[in-house]
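What follows is a single structure, written as structure tokens, with notes after it.
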Amino acid sequence: MGIMAVIATTVWYRRRQKEYQVGKEINDELKPIWMDLKYFKHKGAMIGNYLLPEQIVGKLKQLKSFQFNQSDCICASFPKSGTTLLQEIVYLIQTNFDYESAKKIDITERYSFLEWPTVDLKKLSLDKTNKSRLFKTHLPPEFFNETFKKAKVIYIYRNPKDVTVSLFHFLRSINIELTYSGPWNQFVQSFLIDEIYYAPWWRHVNDYHSLNDSIFFVAYEDLLTNFRPTVRRLAAYLGKEKELTEEQLDKLEKWCSFDSMKQNPKVNYNWFRDWGFVNKSFSFLRKGKIGDWLNHFDVEQSKSYDKMVSTRLSPSIPPLNYGISSEDQQRLYDYDAKKNSSQYS
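Mapping to our numbering: the sequence shown position 110 is 439, numbers consecutive.
Structure, rendered in structure tokens:
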């Protein structure tokens, strides 16, 4: 999906918006519950266990019948969980480190964003070559059929506090259909009560983790702190471990560093600026670090997220990396409690 496709998506969606909301086929088969979301520009559709952006609802029936095969590769995630970094790594591994094509082709053209309205699933279905098809999705597995498990599925997840910060800044910086115009505190509350697109976050992670035997389940933080061993495991999952030399790992690590990605015009989405889809504060690759939530969350918000994780996230999922030890986080909580008690003594 290149620049013209993005433009076409916006124009097409605006013309078809009313049809999506009242289309008999959609309402009869998917039974969406339409929800007004506080400070979001457009509605969300509660379908099954998830709240989805309204502009993708018309694609769900096609996706349910789309046939995947064993040569397909799918990068899946909850939004703002490290998807673009994962895509770039997977693309280079799958193409035997074809950096020349990575320099020439936008990442949106190298991957088909499965649920996006302008992606032609019928055309993709007619592709009978043995070439690996590369897909991206933010949809949970329940929206696909059994052939989804035939593909190589790589799911990347990230601690929810940093996800919230990244998603907040992203949705505030765009001026198309997904825009959020409200304050930080309300966004945190919306995340906690599962009233943002693709929510609930915890169920999204749990549902993919339940497929763990057949997919590659990786933490974004592991790609930042343990790049080489994590990429080696990923290459093994993709059947490419023999092609991954130390020299290739060196180059890949440099190519996929945050500074390199941020300056790379084929992955940084700066073309959004050229077409007026974002405001001046837009930065698709904003910080790329662990623990930025410490600059945004207050103690009560942090504790609410801790409770969500402890009560909702599967205990079999490895402990999340928040960029701070649990002991240091508790010290922050204790300090805040002591400070507050002294104010009222």
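Every residue, glycine too, gets a C-beta built ideally from N, C-alpha and C.
Predicted, not measured: the structure shown is a model, and the values here were computed from it.
If you draw a straight line from the Cα of V492 to the Cα of S410, it is about 6 Å long. Note: L381 is bridge-paired with A374 in the DSSP secondary-structure output. In this structure, the alpha-carbon of E582 lies about 14 Å from that of Y549. Nearest to V419 by C-alpha distance, out of D635, I485, P470, is I485. Here Y634 is buried: its Cβ has 16 or more other Cβ atoms, across all protein chains shown, within 10 Å. Cβ contact annotation for K479 (same chain, cutoff 8 Å, sequence separation greater than five): F397, N398, Q399, D401, in chain order.
In the DSSP assignment, T412 falls within the alpha helix (DSSP H) that extends over 412 to 423. The beta carbons of L392 and I483 sit no closer together than 8 Å.
The closest CA to that of S510, considering only V517, Q518, L500, S519, is found on L500. Under DSSP, L463 forms a beta bridge with C402. For V547, the enclosing beta strand (DSSP E) covers residues 545 to 548. For V638, the enclosing alpha helix (DSSP H) stretches over residues 628 to 641. Residue pairing of F442 in beta bridges, as defined by DSSP: K465. One alpha carbon belongs to L381, the other to L573, and they sit about 38 Å apart. Here DSSP, grouped into helix, strand and coil, assigns F472 to helix. Using a Cβ-Cβ distance cut-off of 8 Å, the stretch 422 to 431 and the stretch 367 to 375 are not in contact, since fewer than three pairs of beta carbons, one from each stretch, lie closer than that value.
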